[in-house]
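Taking the working numbering, the leading residue of the sequence shown gets 24, the next gets one more, and so forth. Below is one structure, written out as structure tokens, with a few remarks after it.
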Amino acid sequence: MLLSSLPCRGAMLLLLFLTLPVQGWSKDTVTWMEAVMPPYFIQSGAMKDQGYGDQITRIIQEGLPDYQHEEMVTNVTRHFYKFRQGEKVCSVGLFRTPEREEFMYFSMPSFLTLPAVIIIRTTALPQFAGRTTVRLADVLKSHTTTIGLAKDRSYGVSVDEVLKQHRGTSNTVEVSGPELSLNLFKMLIKGRIDGILGLPDEALYQAEQLGIRDQLMTLSIEENLNGYEAWLSSVGCSKNAWGKAVIDKINAVLSAQRPAERYRAAYERWLDPNAIEQYRKVYKEVFLEKTQ
Numbered sequence: 024m025l026l027s028s029l030p031c032r033g034a035m036l037l038l039l040f041l042t043l044p045v046q047g048w049s050k051d052t053v054t055w056m057e058a059v060m061p062p063y064f065i066q067s068g069a070m071k072d073q074g075y076g077d078q079i080t081r082i083i084q085e086g087l088p089d090y091q092h093e094e095m096v097t098n099v100t101r102h103f104y105k106f107r108q109g110e111k112v113c114s115v116g117l118f119r120t121p122e123r124e125e126f127m128y129f130s131m132p133s134f135l136t137l138p139a140v141i142i143i144r145t146t147a148l149p150q151f152a153g154r155t156t157v158r159l160a161d162v163l164k165s166h167t168t169t170i171g172l173a174k175d176r177s178y179g180v181s182v183d184e185v186l187k188q189h190r191g192t193s194n195t196v197e198v199s200g201p202e203l204s205l206n207l208f209k210m211l212i213k214g215r216i217d218g219i220l221g222l223p224d225e226a227l228y229q230a231e232q233l234g235i236r237d238q239l240m241t242l243s244i245e246e247n248l249n250g251y252e253a254w255l256s257s258v259g260c261s262k263n264a265w266g267k268a269v270i271d272k273i274n275a276v277l278s279a280q281r282p283a284e285r286y287r288a289a290y291e292r293w294l295d296p297n298a299i300e301q302y303r304k305v306y307k308e309v310f311l312e313k314t315q
């Protein structure tokens, strides 16, 4: 009698197994933090999801099939609140700073971008002594020049060190909230600020979108010209056991994908054609050699 009941018991166990809640078998979720900062991320319009941040995030997601992936669009301040809280969040293209390393793990470099510049109206060049390369420290000592920047955004270690001495002064205007890049450009055109800290690709994108390309120019920042540190940024995840495991897997994806043309082209497509030859040289000789 006992033996004859075994098939029935087996069927019941199988039925019970199949009706267990699916939570135990669902994939772990990585939430990818995005900001409204084209052409880094483009959330709307004809070029939606074609930003270089969109492209690299997608490549990394494809290499992490064991995870469920979600995107969250919010301002930079909110990003770092979630990182500090240890939530299951990551973001591509973050500058690695000592302050951030207190609450984030970082991958090997995930981006090679041209370093931050000062974006100005062409008519304002005499205000900067007619120079196309300037020391940011000197610019911010001026009592007549106001520079706009995004709250809680890093512009690279060297520039950040200069900004520490001047944040909160009359020489800087910090902007937060959505559409901060667009809002800064509108402030610049209206003459409310004299310059913006940003990346060259931001300047080109916003100038074209606003139809003012011939009205803007960029000034190189001397503090960014010592080496390539300001060109390199990484994927960051929350500093906990979960984040460390994800970063280790991301590093494996980056090692495999960074040499590929598709990966390099994600940012290269936003460059001025005259800059591509130099960019490819630095990409090969600097970026691909950085594995930490």
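We treat Cβ as the ideally placed atom computed from N, Cα and C, and that holds for glycine. From a predicted model like this one, the values you see are computed outputs, not experimental measurements.
In the three-state DSSP reduction, S181 falls in the helix class (H, G or I). In this chain, W265 is not harboured by any beta strand (DSSP E); it is covered by the alpha helix (DSSP H) spanning A264 to Q280. By a beta-carbon distance limit of 8 Å, T145 does not contact M210. Their separation comes to about 17 Å. Exclusion of the five residues before and after N206 leaves V198 and G200 as the residues of its chain whose Cβ lies within less than 8 Å of its Cβ.
By the Cβ-count criterion, T80 is buried, with 16 or more other Cβ atoms from all chains shown falling within 10 Å of its own Cβ. According to the DSSP assignment, S114 belongs to the beta strand (DSSP E) that extends over V112 to L117. With at least 16 other beta carbons inside 10 angstroms of its own, K262 counts as buried. Excluding five sequence positions before and after A230, the CB atoms of its chain that fall closer than 6 Å to its own CB belong to R236 and L239, given in chain order. Rounded to the nearest whole angstrom, the C-alpha separation of V185 and L159 is 7 Å. Between I219 and I170, the C-beta spacing is below 9 Å. Nearest in C-alpha terms to T195, of all of H166, P223 and S204, is H166. Separation of Q73 and Y290 (C-alpha to C-alpha, rounded to the nearest whole angstrom) is 10 Å.
In the three-state DSSP reduction, S204 falls in the helix class (H, G or I). Boundaries of the beta strand (DSSP E) around Y90: Y90 to V96.
Excluding its 5 nearest sequence neighbours in each direction, Q91 has C-beta neighbours in its own chain below 8 Å: S49, K50, D51, T52 and V53, listed in chain order. When the Cα atoms are used, W55 and T314 turn out to be separated by approximately 22 Å. The C-beta distance from E110 to S181 rounds to 30 Å, too long to fall under 8 Å, and the pair is not in contact. Setting aside the 5 residues that flank it on each side, T155 is surrounded in the same chain by L242 and S243, each with a C-beta closer than 7 Å to its C-beta; the list follows chain order. For G259, the uninterrupted beta strand (DSSP E) run begins and ends at L255 to S261, by DSSP.
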